[in-house]
Each structure stands twice: as structure tokens, then as C-alpha cells.
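Report on the following structure.
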Amino acid sequence: MILSRRISLITATALFLVSLIFVAFFPSATQVFLLLSLSALTLVLAFRVFGAKLLWIGILAPLVYLASTYFVFIKFPLINLPFKLALCAVFSVFYYYLLLSVNTVLICSLENKSFPLLRAGKTVIYITTLFAAFLSYTVIYKFEYIFIFYFSSVFAVTFLLSVEYFWSQKVGVGEDAGKKNLDLFEPLIISIFVSEMAALLSFFPTEAFFRALAASSTFYVLLGLSENIASHKITKKMYLEYILILIIIFVILVVA
117 MILSRRISLI
127 TATALFLVSL
137 IFVAFFPSAT
147 QVFLLLSLSA
157 LTLVLAFRVF
167 GAKLLWIGIL
177 APLVYLASTY
187 FVFIKFPLIN
197 LPFKLALCAV
207 FSVFYYYLLL
217 SVNTVLICSL
227 ENKSFPLLRA
237 GKTVIYITTL
247 FAAFLSYTVI
257 YKFEYIFIFY
267 FSSVFAVTFL
277 LSVEYFWSQK
287 VGVGEDAGKK
297 NLDLFEPLII
307 SIFVSEMAAL
317 LSFFPTEAFF
327 RALAASSTFY
337 VLLGLSENIA
347 SHKITKKMYL
357 EYILILIIIF
367 VILVVA
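Take any residue in the sequence shown, count from 1 to its spot, add 116: that is its number in this note's numbering.
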């Protein structure tokens, strides 16, 4: 069963790589939506054994990641050939390890056990969450719309990523988060703060990359604060580190 599940994850990644290469060389919004739907179907097939509730939680981050990587090539069509191929390879590696980590967390949640790979899986989900957020914010800022668009789009992305992140971090700690109702309060508060920051950043006359960096740094700081406060591990040094990060990002925005 484990082998067949691993094969299904490899198949999903291979399909993603082929789709990504196709989009990289033939960028089209219509093709992206079709390929995204196909990739989403492979996710559902790969994780269907975990049941409906765990299924929809498990595919949130992968879906956001899929959409953000596809739209990178739509909004940045002038990327040269070697860099396109390198991005396709890097995105696919991240995607495979994300699926593998989500699979590990889902198994632990379903069986209400803690496996040795659980901590590594949580770490990968954390890193990929921030990476997907940065890619998504960069793509969002490439659209030239009013600030309401940035607020709503960033809110949706941040909320979906936060829901899966906080759920995954609670699996294997006390009562299994996969066996009880989701706590949406933390994702909601963080999403509001990040989307407000994103709306403010839309007024900065700087590149999408730097605005996305500032928004994702805000997301990183809020995730860290929330996690450390909840686990009673927060210290004055951590507060200072988070404040310093925000100051550095603000300076970069002003100088860029």
C-alpha cells in the first residue's frame, strides 16, 4: 500500500513536471486552468484513501503551490530557456517533497500516531508554505488592479496556506487535530493582517518581487509569533528578531 501510494505521488509529480514545461513554453491562461484541473484531479486520486475531511485539508497547500508555479510562467514570459528548465526542475522537486510530507502527516492523523518522519514532514510543509506564499504574492502583484484585488487575493492564498499549516503542526501533538474540528481563528487573523499589509504595499512604487518579499516576510513573522506564543516558547529575543526582520524589509522597500 505504501509503495502504491509512493507511485501515485511520483505519477502526480511527473504529470506536474510535464504540465509545467508545457506552460513554460506555451504560456496561456486557458491552458493553465485546464492543467490545474488535471493536476487537482491527480491530487484527489492520490489522497482519496484518507477520506473526504482529511482529503480537502491535505490538498490546500499543493493546490496553491500548483497555481502559483503555473502563473509564474504566465506573468514572467521572458525568462530564458535554461532558467525555465531549472525552475521546472526546482518546482517539481519542491512539489514532490510537499506531497510526500502531506502524505506523512495525513497517515499520522488518520492512525493517530507519531512517526519518525513526522517532524521532517512538518518542516517541509512549513518551508513550502512560505515558498508558495512568496510565489503567489509575486504573481498577484504582477496584475495591475486596485488595492481591493490585492487584499482579497492575498487573503485567500494566505488563509488556505495557513489552514493547512496550523492543522499539520497540531498533528501528533496531544489530541490529533485531524480528528477534531479545525481551529480557523489563527488562520483568519493572520490572513487579515497579511492582506492588509499587501494592500498597503500595492501603493509602493517598487517591483512585484520586493512587495511579495515584504508580504511573505510579514506572513513568516506572524506564523512564528503565533506558533511560539501558542507553545509558550516566545522570548524577548524572538520579538526583537521579528521586529528586525520587518525593519530590514521596510528599508529594502524604501531603497529599492
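A virtual CB, placed ideally from N, CA and C, is assigned to each residue, including glycine. It should be emphasised that the depicted structure is a prediction, and the values quoted were computed from it without experimental measurement.
Residue environment, residue i, which counts as buried when at least 16 other CB atoms sit within 10 Å
i, result
"residue 327", "buried"
"residue 364", "exposed"
"residue 173", "buried"
"residue 250", "buried"
"residue 154", "exposed"
"residue 214", "buried"
"residue 144", "exposed"
"residue 319", "exposed"
"residue 82", "There is simply no residue 82 to check, as the chain begins at 117 and stops at 372 in what is shown."
"residue 277", "buried"
"residue 256", "buried"
Whether residue i touches residue j by CB criterion (8 Å)
i, j, result
"residue 216", "residue 133", "no"
"residue 248", "residue 177", "yes"
"residue 245", "residue 234", "no"
"residue 310", "residue 338", "yes"
"residue 186", "residue 218", "no"
"residue 160", "residue 152", "no"
"residue 180", "residue 252", "yes"
"residue 331", "residue 270", "yes"
"residue 225", "residue 287", "yes"
"residue 204", "residue 262", "no"
"residue 254", "residue 324", "yes"
CA-to-CA distance, residue j to residue i, given in whole angstroms
i, j, result
"residue 343", "residue 237", "17 Å"
"residue 304", "residue 122", "33 Å"
"residue 223", "residue 354", "33 Å"
"residue 369", "residue 356", "20 Å"
"residue 293", "residue 147", "For residue 293, the predicted structure reports a pLDDT of 46, less than 50, and the residue's modelled location is therefore unreliable. A value from the coordinates is still provided. Approximately 37 Å, taken between the alpha carbons."
"residue 275", "residue 260", "22 Å"
"residue 74", "residue 352", "Because the chain in this structure spans residues 117 to 372, residue 74 falls outside the shown range and cannot be described."
"residue 227", "residue 285", "16 Å"
"residue 242", "residue 315", "24 Å"
"residue 283", "residue 184", "21 Å"
"residue 335", "residue 307", "8 Å"
"residue 312", "residue 273", "13 Å"
"residue 163", "residue 182", "16 Å"
"residue 301", "residue 128", "32 Å"
"residue 299", "residue 232", "25 Å"
"residue 199", "residue 193", "11 Å"
Three-state class that DSSP yields for residue i in the structure shown
i, result
"residue 258", "coil"
"residue 130", "helix"
"residue 301", "helix"
"residue 287", "coil"
"residue 245", "helix"
"residue 352", "helix"
"residue 231", "coil"
"residue 251", "helix"
"residue 144", "coil"
"residue 152", "helix"
Delimiting residues of the alpha helix (DSSP H) encompassing residue i
i, result
"residue 327", "324-346"
"residue 318", "First-last for residue 318: undefined, no H or E at that position."
"residue 219", "197-227"
"residue 185", "176-191"
Residue i at chain D interface by Cβ criterion, 8 Å
i, result
"residue 163", "The question asks about chain D, but that chain is absent: this structure has only one protein chain."
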